[in-house]
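Down below is the structure, laid out as structure tokens.
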Ligand SMILES: C[S@@+](CC[C@H](N)C(=O)[O-])C[C@H]1O[C@@H](n2cnc3c(N)ncnc32)[C@H](O)[C@@H]1O
């Protein structure tokens with residue numbers, strides 16, 4: 009998996025958040041992603057949650073702050089290092105267990121968590137159904153994940169991304185859910201303007217585009233053009 013190696017590099021890790029989420033349109037996408045995840049998972053207080061491919065702990069730390077009992081698992085030691093530092097700064101280090109591991113073989117028994125989720129991961133997965141099945145195995149309730157969509161603005165530059173990036177059709181997602189024994193309970197489609205372009209925009213321009221997106225995006229045709237979909241599924 010190319011994405012697995014990509015996020016082991018110190019230079020990639022050091023600039024991961026700064027490049028994507030620290031200013032203008034990037035900050036906006038960070039906030040919107042967090043809203044999408046919370047909408048799917050709430051209420052989180054005292055819920056036992058696993059985040060796969062947690063990276064620098066963007067969601068892990070937020071969920072710990074909101075009272076979740078959370079484990080963050082990632083295959084990259086340097087990404088986890090950033091996550092641990094962030095948890096210490098936020099004063100929630102004792103509420104999070106960061107763990108190095110491969111999401112293909114989760115080191116937990118069946119039905120161990122109330123909810124399992126992963127964000128910005130499935131575009132890196134070469135065998136997505138296997139990963140989703142493994143997430144479903146260790147959850148007794150909910151599985152939440154996002155996919156980058158095949159028929160969206162992302163397809164314009166997707167081919168150029170060095171870490172590799174898989175795009176999904178609705179049919180593929182339905183097939184994966186079926187194979188993993190999951191039932192779709194909710195879906196949310198976001199970002200007519202893909203992340204990669206959003207983060208290059210100054211805050212004011214990003215906010216204006218966001219307002220226009222909202223007007224189109226809350227319609228069925230808007231959903232069809234969204235670059236990211238969030239899937240909220242329950243274990244059968
Ligand atoms: C784009 S980053 C996303 C990080 C975080 N979820 C976020 O949204 O900021 C992808 C992450 O997936 C991790 N990853 C890739 N392959 C993995 C695997 N097989 N098992 C666990 N983590 C993996 C990488 O190390 C990296 O931290």
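Residue numbers (my numbering): 9 to 244.
Glycine included, C-beta positions come from ideal geometry on N, C-alpha and C.
Keep in mind it's a predicted model, so treat the numbers as computed, not measured.
Could you tell me the alpha carbon to alpha carbon distance between residue 235 and residue 38, rounded to whole angstroms?
Each residue's alpha carbon lies about 15 Å from the other.
Indicate, with yes or no, if ligand 3 has a heavy atom lying under 7 Å from the CB of residue 227.
No copy of ligand 3 appears in this structure; the ligands present are ligand 1.
Can you give the Cα-Cα distance for residue 136 and residue 16, rounded to whole angstroms?
Cα to Cα, residue 136 sits roughly 21 Å from residue 16.
Pick helix, strand or coil for residue 25, following the three-state DSSP scheme.
DSSP places residue 25 in helix when its eight states are reduced to three.
So the candidates are 227, 48, 132, 45; which of them puts its Cα closest to the Cα of residue 83?
Ranking the options by Cα distance to residue 83, first place goes to 132.
Please classify residue 120: does DSSP put it in a helix, a strand, or coil?
DSSP places residue 120 in coil when its eight states are reduced to three.
In the structure shown, what three-state DSSP assignment does residue 130 receive?
Per DSSP, reduced to three states, the secondary structure at residue 130 is helical.
From which residue to which residue does the alpha helix (DSSP H) around residue 35 run?
That run of the alpha helix (DSSP H) goes 32-49.
Under 7 Å: does the beta carbon of residue 132 sit that close to some heavy atom of ligand 1?
Ligand 1 has a heavy atom closer than 7 Å to the beta-carbon of residue 132.
Which residue comes first and which comes last in the beta strand (DSSP E) that contains residue 182?
Per DSSP, residue 182 lies in no beta strand (DSSP E) segment; the continuous alpha helix (DSSP H) that holds it begins and ends at 178-187.
Please name the residue, chosen from 153, 199, 67, that lies closest to residue 193 on a Cα-to-Cα basis.
Its Cα nearest to that of residue 193, the residue 153 stands out among 153, 199, 67.
Near ligand 1: residue 204 beta-carbon under 7 Å from a heavy atom
Answer for residue 204: no, Cβ out of range of ligand 1.
Cβ neighbours of residue 201 in the same chain (closer than 7 Å, five flanking residues each side left out)
Here the set comprises 161, 217, 221.
Quick one: grab the DSSP three-state call for residue 214.
In this structure, residue 214 counts as helix in the three-state DSSP scheme.
Using the rule of at least 16 other Cβ atoms within 10 Å of the residue's Cβ for burial, across every protein chain shown, is residue 207 buried or exposed?
So residue 207 ends up on the buried side.
From this set, 190, 238, 115, which residue's C-alpha is nearest residue 80's C-alpha?
Ranking 190, 238, 115 by Cα distance to residue 80 puts 115 first.
Identify every residue that forms a DSSP beta bridge with residue 87.
Paired residues: none, contrary to the question.
Per-residue burial, residue 90 [other beta carbons within 10 Å of its own, 16 or more giving buried]:
Buried, since its Cβ has 16 or more Cβ neighbours within 10 Å.
Between the Cα of residue 142 and those of 175, 187, 26, spot the shortest distance and give me the residue it belongs to.
Measuring from the Cα of residue 142, the nearest candidate turns out to be 187.
Reference residue 61, options 242, 108, 214, closest by Cα:
That would be 108, whose Cα lies nearest to the Cα of residue 61.
Return the Cβ separation of residue 124 and residue 151 in integer angstroms, given the expectation that the two are a contact with Cβ distance under 8 Å.
Yes, residue 124 and residue 151 are in contact; Cβ-Cβ is about 5 Å, under 8 Å.
Which listed residue (190, 11, 98) has its alpha carbon closest to that of residue 87:
Among 190, 11, 98, the Cα nearest to that of residue 87 is on 11.
Just to confirm my understanding: we take residue 196, look at its own chain, exclude 5 residues before and 5 after, and list those with CB closer than 8 Å. What are they?
The residues are 44, 47, 48, 237, 238, 240.
Cβ of residue 33 within 8 Å of Cβ of residue 209?
Going by C-beta atoms, residue 33 is nearer than 8 Å to residue 209.
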